[in-house]
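J.: This is the structure I want to talk about, given as structure tokens.
Residue numbers (my numbering), protein chains in the order written: chain A, 5 to 410; chain B, 31 to 200.
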């Protein structure tokens, strides 16, 4: 019973936070790309366009969902559902912090607690394989959308996406296998815990810097494959606008169209979380607590708060006088929370985890703003003739090194 | 609880398997097969064979069936038109099925007591040797020779595929 209640609360919280993150990831992406291209980006709806995601969601929900007469109705409607389902379900295995213990408390004479709970919804011994399995099922949504639309561009997009996802799954799995050799567990929480500690006092024991076999190359291979698996530029062949109109989702509109975008962003977050957990040490800080890694979060937040207050006092636009100080106060409050000793052991791992995931998400957006698209034959050749052999060689060398040391 | 999930997913597996045969469109058949694979994975999971369950989903549902769907989409195969089945099937089909099921049930009832005491059977959730470590140890110690022979077999199959797919050089 306790388990059910706690899990429901966690489920609701995670769902709310994750959905909001997905909506705001869109805003972040538009803003970042705009600034890379020396534009302003969304700036009309709310201060700095901050309410733009809300406006987008309202627009997409209230739009008419067109059901074209020439489609295979069942699969046409099932495809976006499948895409979102498999994208969202893998989030439940991602541990994004250490955990929380609710102390004993009394309500009306009855005593409750103490409750100890992990942050993720499901703590399984097969976390890595589960996420791989579910992400490998995600291709059905896209392939079916392409096929059931009964449209040549959509079919081309669906075909490209399934070929691409099958091909890049191999180097991705091999890249994941390499750090697991030295960690020796498939549980995501244990994987992150195994990367605690520092060699020479300051180099973290993350897989990327690990002693017998630094997994730098497999991190790069994993990230390249991740771009292909999530259909992002430079591997967004399935939805290449100037070749295929819009690719596999050309016949979709309103919420069915939005669900493909939701799935894409959810997959991005999952893949970045996996990269963080496997290669970047999960929630382990970049440098030891002894050198003040716990101070980073409060300092950054306090700096952001000070900046907001400063710009609020010297407003560039009339409404800045009100909005920016409000944000400043929120930032100061968060900084105080991060520096408050009882909450530090709970919030600090979360901060480091989210900071790393956020950085990787930024890299995704950054690359979208930078690189052009691959040609299709180059894409497949790259996966099979370069990435796969390199991943294999990397796995072999890692195996030798780990066997030599142990 | 275990029994409920077993019955649920066993029913899904059987229903999907029947649907593989009954569906007319190749894509529907392939997706029904995916459903069967996924339901089987859940049954493995119920028995405690976590690793096998995950590999079942990754390899069969995630890779092989995607390839099937890919080929069906590539060939753009339409729904098959159902021609009249042969008179042998029409007359002998249902009786043959009944006989087959009868034999199966008879064998199960006969051999079930011979397996041994009830405690030695695997029950839901009791089996704990299904992790990656146990499977890896078993593969590389006890079953090393079959494992190596299988890998050589797969290697030969790959070479054969390459030879068949290679363009003729004249």
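Where is the CB? At the ideal position from N, CA and C, for every residue including glycine.
From a predicted model like this one, the values you see are computed outputs, not experimental measurements.
In chain order, what residues of the region 155-171 of chain A put their CB closer than 7 Å to some CB of chain B?
T.: 159, 162, 163, 166, 167, 170
J.: Please give me, in chain order, every unbroken run of the alpha helix (DSSP H) with length at least 4 that falls completely inside the region 315-383 of chain A.
T.: 324-343, 348-374
J.: Quick one: list the residues of chain A neighbouring residue 84(B), beta-carbon separation under 7 Å, in chain order.
T.: 130, 133, 134, 137
J.: Work out the CA separation of residue 160(B) and residue 25(A) for me, nearest whole Å.
T.: 37 Å
J.: Check whether the Cβ of residue 81(B) lies closer than 8 Å to any Cβ atom in chain A.
T.: yes
J.: Between the Cα of residue 230(A) and those of 391(A), 211(A), 192(A), 254(A), spot the shortest distance and give me the residue it belongs to.
T.: When only C-alpha atoms are compared, the closest one is 391(A).
J.: Kindly indicate which three-state DSSP category residue 142(B) falls into: helix, strand or coil?
T.: coil
J.: Pull out every residue of the region 177-209 of chain A whose Cβ sits closer than 7 Å to any Cβ of chain B, in chain order.
T.: Flagged, chain order: 190.
J.: Starting from the C-beta of residue 175(A), find all residues in its chain whose C-beta is less than 6 Å away, skip the five residues before and the five after it, and write them out in chain order.
T.: Cβ-Cβ distances below 6 Å link residue 175(A) to 225, 229, 391, 392, 395 in the same chain, with the five nearest sequence neighbours on each side left out; the list follows chain order.
J.: Tell me the rounded alpha-carbon separation between residue 108(A) and residue 354(A).
T.: 23 Å
J.: Cβ of residue 133(A) within 8 Å of Cβ of residue 138(B)?
T.: no
J.: Tell me whether residue 208(A) sits in a helix, a strand or coil according to DSSP, three-state version.
T.: Residue 208(A) falls in the strand class under three-state DSSP.
J.: Return the bridge partner residues of residue 308(A) from the DSSP annotation.
T.: Partner(s): none; residue 308(A) has no beta bridge.
J.: How about the region 134-150 of chain A and the region 264-277 of chain A: do they share at least three Cβ pairs that are nearer than 8 Å?
T.: yes
J.: Taking C-beta pairs closer than 8 Å, name the residues in chain A that residue 98(B) reaches, listed in chain order.
T.: Those within 8 Å of residue 98(B) in chain A number zero; the least Cβ separation is about 10 Å.
J.: Give me the Cα-Cα distance between residue 102(B) and residue 153(A), rounded to the nearest whole angstrom.
T.: 15 Å
J.: Quick one: residues in its chain with C-beta nearer than 8 Å to the C-beta of residue 236(A), no 5 flanking neighbours on either side, listed in chain order?
T.: 268, 272, 368, 371, 372
J.: Hey, quick one: how far does the alpha helix (DSSP H) through residue 182(B) stretch, first residue to last?
T.: 174-195
J.: Taking residue 140(A) as the query, report the chain B residues whose CB atoms sit under 8 Å from its CB, ordered along the chain.
T.: 87, 88, 91, 92, 93, 96
J.: Determine the burial state of residue 164(B): buried for a count of at least 16 other Cβ atoms within 10 Å of its Cβ, exposed for fewer.
T.: So residue 164(B) counts as exposed.
J.: So residue 162(B) packs on residue 81(B), CB below 8 Å; how close in whole Å?
T.: 5 Å
J.: For the beta strand (DSSP E) holding residue 120(A), just list the boundary residues, first then last.
T.: 119-121
J.: Please go through the same chain and pick out, in chain order, the residues whose beta-carbon is closer than 7 Å to the beta-carbon of residue 331(A), but skip the five residues on each side of it.
T.: 312
J.: Closer than 7 Å to a non-hydrogen atom of the ligand FAD - does that hold for the CB of residue 194(A)?
T.: For the ligand FAD, the structure offers nothing, since it holds no ligand at all.
J.: Taking just the CA atoms, how far does residue 202(A) sit from residue 337(A)?
T.: 31 Å
J.: Would you check if there are 3 or more beta carbon pairs closer than 8 Å linking the region 64-72 of chain A to the region 123-138 of chain A?
T.: No, the region 64-72 of chain A does not touch the region 123-138 of chain A.
J.: Please identify the residue among 157(A), 120(A), 398(A) whose C-alpha is closest to the C-alpha of residue 250(A).
T.: 157(A)
J.: By alpha-carbon positions, which one of 265(A), 305(A), 163(A), 289(A) ends up nearest to residue 197(A)?
T.: Closest in alpha carbon position to residue 197(A), among 265(A), 305(A), 163(A), 289(A), is 289(A).
J.: For the alpha helix (DSSP H) containing residue 111(A), name the first residue and the last one.
T.: Where residue 111(A) is concerned, there is no enclosing alpha helix (DSSP H), although the beta strand (DSSP E) it sits in stretches over 109-111.
J.: Determine the closest residue to residue 89(A) out of 255(A), 260(A), 295(A), 75(A), with distance taken between C-alpha atoms.
T.: Minimum Cα distance to residue 89(A) is reached at 260(A).
J.: Could you give the DSSP three-state label for residue 102(B): helix, strand or coil?
T.: helix
J.: Any residues in the region 161-185 of chain B with a beta carbon nearer than 9 Å to a beta carbon of chain A? Which ones, in chain order?
T.: Cβ contacts with chain A come from 161, 162, 163.
J.: Quick check: the Cα distance between residue 341(A) and residue 151(A), rounded to an integer number of angstroms?
T.: 51 Å
J.: Along chain B, in chain order, which residues have C-beta atoms closer than 7 Å to that of residue 151(A)?
T.: By Cβ distance, chain B contributes 57, 103.
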